[in-house]
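Working notes for the structure below.
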Amino acid sequence: MAKIFSGIQPTGQLHLGNYLGAIKNWVELQDTYDCIYCIVDYHAMTIPYQPDQMQKNILEAAADLIAAGIDPQKSILFIQSHVPEHTELAWMLNTVTPLSELKRMTQFKDKSKQFPENVNMGLFDYPVLQAADILLYSTDKVPVGEDQIQHLELTRLIARKFNQKFGETFVEPEVLLTKTPRVMSLKDPSKKMSKSLGPAHYIALTDKPEIIQDKIKKAVTDTGENSAEVSPGVQNLFTLLEIFGRAEVYKKFTAEHQAGKIKYAELKEELGQAISDYFADFREQKQKLLANPEGLRDLLAQGTKKAREIAVKNIKDIKNKVGL
Ligand code: TRP
């Protein structure tokens, strides 16, 4: 089976955008590929964060992934910093990465603007560590969203440069583009759903049914008068209903909208219910996992062991190639 690798930063609770943009797809890929999923804590250090929250966030991310359907028996799930070969390889890859390429990275530019007080070397080198994550496991395909295409192109370039200089070593990984519905903020549907906008803007996967209902109730729609046009807020609710609701319910509301007789309160009620139901099992599983942090750490330790087996073997070969 072809090999998949992907990573996610431990930044606290997941929201619907994260789920639909990555995790849902990761779960589905488990049946067709050998999957390795990594909680990238070294990457999370490149922007301001609270050290005393890090462990909590890592466990939370692990619980999120497992509760959502990542099966630690089927896939390898582990924490990046527990496999030191990632940073070892990143250093070696640094020596073949052109500075000019790193300077082009739009994520670096965006984050530099976002955190002008903390434009650090780690942020600049972030894509090289990401390349190391991927190349260390002879990855064939990397499921990511559009925003990571540039990093994947760089990863391919680094693999090529390394192979040219030191001999055939790395597979050039392909992007497996995750087609994601555009899930927008509930309060400001011109922006992507994101945690940084504040809790009213997103639905966390762990939100209780009352909270989900309340957030949806307060979501922006329109006056309902101009039925020919679908406003961004309404479009967003339709997008969510299409994903989480039953087909006939979705059809009913879109038809009503076209006819100019939709009642948004009804749509919202149905949508809130549909989202709550969809994640009912998730909420229960996550709570169970977090109630037993030792068990969770144990699962991650098993993942680390499996990841290291591959990493240690490959790094030996790589060091050989570079003359170390
Ligand atoms: N940069 C990715 C993101 O922000 C996270 C990531 C780190 C990653 N290492 C990776 C994704 C390796 C895919 C493969 O989403």
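The numbering used here puts the sequence shown at residues 17 to 340.
Glycine included, every Cβ here is placed at the ideal spot set by N, Cα and C.
Given the structure is predicted, the values throughout are model-derived calculations rather than measurements.
#1: Please state if the CB of Leu202 and the CB of Ala216 are separated by a distance shorter than 8 Å.
#2: Considering only the beta carbon of each residue, do Glu282 and Gly261 sit closer than 8 Å?
#3: Buried or exposed for Thr222, please, with buried defined as at least 16 other CB atoms from any protein chain shown within 10 angstroms of its CB.
#4: Express the C-alpha separation of Lys19 and Lys119 in angstroms, rounding to a whole number.
#5: DSSP state of Val199, grouped into three classes?
#6: Answer yes or no: the CB of Gly261 versus the heavy atoms of ligand 1, is any distance below 7 Å?
#7: Where Met121 and Gln166 are concerned, what is the direct C-alpha to C-alpha distance, given to the nearest angstrom?
#8: By alpha-carbon positions, which one of Asn73, Leu81, Met17, His31 ends up nearest to Ala301?
#9: Could you check if Phe140 belongs to the surroundings of ligand 1, using beta carbon to heavy atom distance under 7 Å?
#10: Should Asp293 be labelled buried (16 or more other beta-carbon atoms within 10 Å of its own) or exposed?
#11: Kindly list the residues whose CB is nearer than 6 Å to the CB of Ala235, restricted to its own chain and excluding five residues on each side of it in sequence; keep chain order.
#12: Using the C-alpha atoms, what's the distance from Gln251 back to Gly356?
#13: If you drop the 5 nearest sequence neighbours on each side, which residues of the same chain put their C-beta closer than 6 Å to that of Ala60?
#14: Suppose the cutoff is 6 Å on Cβ atoms and the five residues either side in sequence are ignored; what does the same chain contact list for Gln229 look like?
#15: Do Thr196 and Leu36 have their C-beta atoms closer together than 8 Å?
#16: According to the neighbour-count rule (16 or more other Cβ atoms, all chains shown, within 10 Å of its Cβ), is Leu115 buried or exposed?
#17: At which residues does the beta strand (DSSP E) containing Ser212 begin and terminate?
#18: Measuring from the CB of Gly33, is there a heavy atom of ligand 1 at a distance below 7 Å?
#19: Do Gln46 and ligand 1 come close, with the Cβ less than 7 Å from some heavy atom?
#20: What do you get for Glu44, buried or exposed, if any count of 16 or more other CB atoms within 10 angstroms of its CB means buried?
#21: Give me the residue from Gln69, Gln146, Phe131, Lys129 with the minimum Cα distance to Leu105.
#22: Give a yes or no on whether the C-beta atoms belonging to Ser91 and Tyr53 are separated by under 8 Å.
#23: Check whether the Cβ of Val56 lies closer than 7 Å to any heavy atom of ligand 1, and answer yes or no.
#24: Which residues does DSSP pair with Gly351 in a beta bridge?
#25: Go ahead and pull the three-state DSSP assignment for Phe295.
#26: What I want to know is whether the C-beta of Phe21 ends up closer than 7 Å to one or more non-hydrogen atoms of ligand 1.
#27: Report the residue from Leu256, Ile331, Trp107, Glu169 whose alpha carbon sits nearest the alpha carbon of Gly33.
#28: Pair every Cβ in the stretch 67 to 86 with every Cβ in the stretch 132 to 152, then say whether three or more of these pairs are closer than 8 Å.
#29: Taking 7 Å as the cut-off, is the beta-carbon of Asp149 closer than that to any non-hydrogen atom of ligand 1?
The short version:
#1: The count along the sequence shown starts at 1 and reaches residue 216 at position 200. The count along the sequence shown starts at 1 and reaches residue 202 at position 186. Cβ atoms of Ala216 and Leu202: closer than 8 Å.
#2: The count along the sequence shown starts at 1 and reaches residue 282 at position 266. The count along the sequence shown starts at 1 and reaches residue 261 at position 245. Cβ atoms of Glu282 and Gly261: not closer than 8 Å.
#3: Along the sequence shown, one-based indexing puts residue 222 at 206. By the neighbour-count rule (16 or more Cβ atoms within 10 Å), Thr222 is buried.
#4: Here the question's residue 119 lines up with position 103 in the sequence shown. Here the question's residue 19 lines up with position 3 in the sequence shown. Whole-angstrom Cα-Cα distance: 30 Å.
#5: Position 183 of the sequence shown, counting from 1, holds the residue named residue 199. Coil at Val199, not helix or strand.
#6: As a working note, residue 261 is residue 245 in the sequence shown. No; taking the cut-off as 7 Å, the Cβ of Gly261 has no heavy atom of ligand 1 nearer than that.
#7: Taking the first residue of the sequence shown as position 1, residue 121 is located at position 105. Taking the first residue of the sequence shown as position 1, residue 166 is located at position 150. For Met121 and Gln166, the distance between alpha carbons rounds to 7 Å.
#8: In the sequence shown, counting from the first residue as 1, residue 301 sits at position 285. The question names Ala, but residue 301 is Gln in the sequence shown. From the listed residues Asn73, Leu81, Met17, His31, the smallest Cα separation to Gln301 is found for Leu81.
#9: The count along the sequence shown starts at 1 and reaches residue 140 at position 124. No, the beta carbon of Phe140 sits no closer than 7 Å to any heavy atom of ligand 1.
#10: One-based indexing of the sequence shown puts residue 293 at position 277. Exposed.
#11: On the sequence shown, position 219 is the one that residue 235 refers to. Cβ neighbours of Ala235 beyond the five flanking positions: Leu202.
#12: As displayed, the chain neither begins before 17 nor continues past 340, which places residue 356 out of reach and without an answer.
#13: For the purposes of this step, residue 60 is identified with residue 44 of the sequence shown, where counting begins at 1. Cβ within range, chain order: Gln25, Pro26.
#14: Translated into positions along the sequence shown, residue 229 becomes position 213. Result list for Gln229: Gly288, in chain order.
#15: Walking along the sequence shown from the start, residue 196 turns up at place 180. Walking along the sequence shown from the start, residue 36 turns up at place 20. Yes; because the gap between Cβ atoms is below 8 Å, this pair is in contact.
#16: Position 99 of the sequence shown, counted from the first residue, corresponds to residue 115. Under this definition Leu115 is an exposed residue.
#17: The residue you call residue 212 lines up with position 196 of the sequence shown. It is not in any beta strand (DSSP E) - Ser212 carries neither H nor E in the DSSP assignment.
#18: Translated into the one-based positions of the sequence shown, residue 33 becomes position 17. No.
#19: For the purposes of this step, residue 46 is identified with residue 30 of the sequence shown, where counting begins at 1. Not under cutoff, so the answer is no.
#20: Numbered from its first residue, the sequence shown carries residue 44 at position 28. That one is exposed.
#21: In the sequence shown, residue 105 corresponds to position 89, counting from 1. The candidate whose alpha carbon is nearest that of Leu105 is Gln146.
#22: Residue mapping note: residue 91 aligns to position 75 of the sequence shown, counting from 1. Residue mapping note: residue 53 aligns to position 37 of the sequence shown, counting from 1. Yes, Cβ-Cβ distance for Ser91 and Tyr53 is below 8 Å.
#23: Along the sequence shown, read from residue 1 onward, the residue named residue 56 stands at position 40. Under cutoff, so the answer is yes.
#24: The requested residue 351 does not occur in the structure, where the chain is confined to residues 17 to 340.
#25: Here residue 295 refers to the residue found at position 279 when the sequence shown is read from its first residue. DSSP places Phe295 in coil when its eight states are reduced to three.
#26: For the purposes of this step, residue 21 is taken as residue 5 along the sequence shown, with counting starting at 1. Correct: Phe21 has its Cβ closer than 7 Å to ligand 1.
#27: Locating residue 33 in the sequence shown gives position 17, where the first residue counts as 1. With distances taken between Cα atoms, Gly33 lies closest to Leu256.
#28: no
#29: The residue labelled residue 149 in the question sits at position 133 within the sequence shown. Asp149: yes, Cβ under 7 Å from ligand 1.
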